[in-house]
Amino acid sequence: MQLKALLLAAAIVGLAGAAHAQSLSPMRLTGPTPSDIKAFRLTVGNPYKTRMTFLIMPMDAQFRVAIADAIVTAPEIRLAPGASRPVIVKFRIDPALKERTIGVCVLPKDLEGPVLPRVCGTYTGRIGRSGG
Amino acid sequence: MQLIRLIAVPFMLCANPALACGIALNTSGILAPSADFTRMGSSEPGGVAATFTVSNTLFGGDFRVTVDPPVLNSAPPAGFNTGTAQYFVSYTGIGLLSFVSQGYTAGSSHFDVPGLLGALAVVMTLHNRITNSSGLASGTYQTKTVITCS
Numbered sequence: 000m001q002l003k004a005l006l007l008a009a010a011i012v013g014l015a016g017a018a019h020a021q022s023l024s025p026m027r028l029t030g031p032t033p034s035d036i037k038a039f040r041l042t043v044g045n046p047y048k049t050r051m052t053f054l055i056m057p058m059d060a061q062f063r064v065a066i067a068d069a070i071v072t073a074p075e076i077r078l079a080p081g082a083s084r085p086v087i088v089k090f091r092i093d094p095a096l097k098e099r100t101i102g103v104c105v106l107p108k109d110l111e112g113p114v115l116p117r118v119c120g121t122y123t124g125r126i127g128r129s130g131g
Numbered sequence: 000m001q002l003i004r005l006i007a008v009p010f011m012l013c014a015n016p017a018l019a020c021g022i023a024l025n026t027s028g029i030l031a032p033s034a035d036f037t038r039m040g041s042s043e044p045g046g047v048a049a050t051f052t053v054s055n056t057l058f059g060g061d062f063r064v065t066v067d068p069p070v071l072n073s074a075p076p077a078g079f080n081t082g083t084a085q086y087f088v089s090y091t092g093i094g095l096l097s098f099v100s101q102g103y104t105a106g107s108s109h110f111d112v113p114g115l116l117g118a119l120a121v122v123m124t125l126h127n128r129i130t131n132s133s134g135l136a137s138g139t140y141q142t143k144t145v146i147t148c149s
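Which chain is which? The protein sequence lines are A and B, in order.
Take 0 as the starting number for the first sequence in numbering that gives the first Met the number 0 and just add one per residue.
Take 0 as the starting number for the second sequence in numbering that gives the first Met the number 0 and just add one per residue.
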């Protein structure tokens with residue numbers, strides 16, 4: 000019984016005491032574009048004490064599915080503790096719809112453990128005469 | 000007056016109230032089996048909860064934290080009936096987030112983090128649970144819970 004209990008016990012190890020996190024700013028933004036392409040400049044930060052690699056993933060607006068038709072200038076970045084870096088996210092807007100909202104999620108790469116922390120924002124582009 | 004205005008303008012340009020949040024994993028948990036081997040969880044005797052930190056790095060805006068139910072992060076042990084398995088998560092906050100208390104749920108749930116959290120960070124306690132009416136097979140179970148700040 001003891002052995003069985005030991006075998007059943009799931010050891011989730013390796014991260015005790017380590018802080019893994021990320022930040023994304025701004026987390027909501029709307030802007031016009033004169034064409035059917037809209038780009039946003041976002042800042043990804045590592046406010047904690049460990050050097051980490053982050054993935055920047057374009058998602059649907061509910062953060063459920065990765066979308067392939069959006070481009071991130073740096074889809075994978077490695078940040079020193081306390082460092083931040085801008086990335087550009089660019090996506091196409093259907094001219095018939097004139098507006099599109101996408102999600103962008105920042106998540107740590109190769110993070111083992113019971114929690115996958117994500118920070119996600121939504122970004123809306125509108126086809127219009129001014130701005131870009 | 001002019002000097003004050005000149006100084007004030009660049010300062011205002013810098014004071015962009017951009018919102019940023021952070022989710023940090025602090026400690027991993029440990030799952031332990033129930034006495035009848037139909038349930039495994041961090042709140043069972045011998046189990047340990049995981050903890051994570053929620054922070055709002057700037058004043059001035061709320062954000063939402065969504066917690067998805069856990070999934071198995073590795074192949075289940077042989078003999079584990081995935082068809083009868085269910086996965087649950089629960090979590091509680093302390094301090095400024097002491098109003099957050101989610102009992103075990105198999106669905107996504109969320110709570111809103113007020114902007115007044117400021118540069119402070121709040122530790123949350125997280126439990127995972129696996130139930131299986133067919134019983135648990137011997138082996139290692141590892142769960143993963145997606146926590147989204149948006």
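Glycine included, every Cβ here is placed at the ideal spot set by N, Cα and C.
Between residue i and chain A, is the shortest Cβ-Cβ distance under 9 Å, so that the two count as touching?
{"i": "V205(B)", "result": "Because chain B here runs from 0 to 149, residue 205(B) falls outside it and cannot be looked at."}
{"i": "Q141(B)", "result": "yes"}
{"i": "A74(B)", "result": "no"}
{"i": "I93(B)", "result": "no"}
{"i": "L24(B)", "result": "yes"}
{"i": "P69(B)", "result": "yes"}
{"i": "S133(B)", "result": "no"}
If we ignore side chains and look at the alpha-carbon of each, how far apart do residue i and residue j end up?
{"i": "A67(A)", "j": "P44(B)", "result": "45 Å"}
{"i": "T42(A)", "j": "T121(A)", "result": "14 Å"}
{"i": "Q101(B)", "j": "I36(A)", "result": "41 Å"}
{"i": "K143(B)", "j": "T26(B)", "result": "13 Å"}
{"i": "H109(B)", "j": "E98(A)", "result": "27 Å"}
{"i": "D67(B)", "j": "R125(A)", "result": "31 Å"}
{"i": "P76(B)", "j": "I146(B)", "result": "26 Å"}
{"i": "R40(A)", "j": "G30(A)", "result": "11 Å"}
{"i": "G150(B)", "j": "S132(B)", "result": "With chain B running from 0 to 149 in the structure shown, residue 150(B) is simply not present."}
{"i": "F36(B)", "j": "F51(B)", "result": "28 Å"}
{"i": "S42(B)", "j": "T130(B)", "result": "13 Å"}
{"i": "L2(A)", "j": "A136(B)", "result": "Per-residue confidence for L2(A) stands at a pLDDT of 32, beneath the threshold of 50, marking its modelled position as unreliable; no derived number is given."}
{"i": "A160(B)", "j": "G78(B)", "result": "No information on residue 160(B) is available, as it lies outside the stretch 0 to 149 that chain B covers here."}
{"i": "T123(A)", "j": "D109(A)", "result": "30 Å"}
{"i": "E75(A)", "j": "L24(B)", "result": "20 Å"}
So residue i is in the beta strand (DSSP E); what residue range does that whole segment cover?
{"i": "T89(B)", "result": "A small fix is needed here, since residue 89(B) is Ser in this sequence, not Thr. S89(B) -> beta strand (DSSP E) spans 84-92."}
{"i": "K37(A)", "result": "36-44"}
{"i": "N55(B)", "result": "49-55"}
{"i": "G30(A)", "result": "27-32"}
{"i": "R91(A)", "result": "83-91"}
{"i": "V103(A)", "result": "98-107"}
{"i": "P113(B)", "result": "From DSSP, P113(B) is part of no beta strand (DSSP E); its letter is neither H nor E."}
{"i": "R38(B)", "result": "38-40"}
Decide if residue i is buried, meaning its Cβ has at least 16 other Cβ atoms within 10 Å, or exposed.
{"i": "R77(A)", "result": "exposed"}
{"i": "P80(A)", "result": "exposed"}
{"i": "Q141(B)", "result": "buried"}
{"i": "L96(A)", "result": "exposed"}
{"i": "P116(A)", "result": "buried"}
{"i": "R65(A)", "result": "The sequence as given places Ala at residue 65(A); Arg does not occur at that position. With fewer than 16 other Cβ atoms within 10 Å, it is exposed."}
{"i": "P33(A)", "result": "exposed"}
{"i": "G92(B)", "result": "buried"}
{"i": "V70(B)", "result": "exposed"}
{"i": "I3(B)", "result": "Because the pLDDT of I3(B) is 36, which lies under 50, any placement of that residue in the model is unreliable, and the number read from its coordinates should be weighed accordingly. Exposed, by the Cβ-count rule."}
{"i": "K34(B)", "result": "Reading off the sequence shown, one finds Ala at residue 34(B), where the question assumed Lys. A34(B) should be labelled exposed."}
{"i": "N80(B)", "result": "exposed"}
{"i": "G28(B)", "result": "buried"}
{"i": "N15(B)", "result": "Residue confidence is low: N15(B) scores 33 on pLDDT, short of 50, so the model does not pin down where it sits. No coordinate-derived value is stated."}
Which residues of chain B have a Cβ atom closer than 8 Å to the Cβ of residue i, listed in chain order?
{"i": "G120(A)", "result": "S149"}
{"i": "S34(A)", "result": "Neighbours of S34(A) on chain B: none; closest Cβ ~26 Å, over 8 Å."}
Is there a C-beta anywhere in chain B that falls below 9 Å from the one on residue i?
{"i": "R117(A)", "result": "yes"}
{"i": "G30(A)", "result": "no"}
{"i": "G164(A)", "result": "No answer is possible for residue 164(A): it lies beyond the span of chain A, which begins at 0 and ends at 131."}
{"i": "L110(A)", "result": "yes"}
{"i": "G102(A)", "result": "yes"}
{"i": "L78(A)", "result": "no"}
{"i": "L23(A)", "result": "yes"}
Name, please, each residue of chain B whose Cβ falls closer than 7 Å to the Cβ of residue i.
{"i": "F62(A)", "result": "T147, S149"}
{"i": "P113(A)", "result": "S27, G28, A49, N127, T142, K143, T144"}
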